[in-house]
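Position 91 of the sequence shown, counting from 1, maps to 90 under numbering that gives the first Met the number 0, and the rest follow consecutively. Here is the structure we will look at.
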Amino acid sequence: MDVPRLSLVIPAYNEEAYLPRLLDTVDVARSRYEGGADAVEVIVSDNGSTDATRDIAHRRGCRLAHQAVRNIAAVRNAGAAVARGRVLCFVDADLRVHPETFNVIDRGLGPGVVAGATGVTLDRWS
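Below, the structure written as structure tokens:
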């Protein structure tokens, strides 16, 4: 298989209630991706789930990563470690992706694109 353009990493701990809905939206976004559905690999980075999270990921064709340490950064890093794509993307299992997500990412990384970012410091959490 060719190297995927994008690797989508989904950190997961007991996400059987949310993962199918997210993967449905990922399937739609992959089907609309101008680079081709096979150019996006989906990795579920499991954090020792005791429910059907791993089974759902396997049945849906996702690659699996495993991380026993209960730490979200470690779980994301475990997924990144097995990723083969040139671009890493991360999304939590309780979210959904827009149908144009992968096309928008590609356009944002295209030639001639200039981008910037800034940080926000909160005085307090509310």
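Using N, Cα and C, we set each Cβ at its ideal position, and we do this for glycine too.
Asked	Found
Cβ-Cβ distance between G107 and E40 below 9 Å	no
L22 burial status per 10 Å Cβ neighbour count (16 or more: buried)	buried
Cross-strand partners of H65 (DSSP beta bridge)	D45
Buried versus exposed, by CB contacts within 10 Å (16 or more), R69	exposed
Cα-Cα separation, T52 to G109	35 Å
Sequence-distant residues of its chain with Cβ nearer than 7 Å to E15 (five each side left out)	D50, A51, T52 and I55
Length-filtered (3 minimum) beta strand (DSSP E) runs lying within the segment 79–121	86–89
Best match in D91, D45, G111 and A82 for proximity to R4 [C-alpha to C-alpha]	A82
Three-way DSSP call (helix, strand, coil) for P19 in this model	helix
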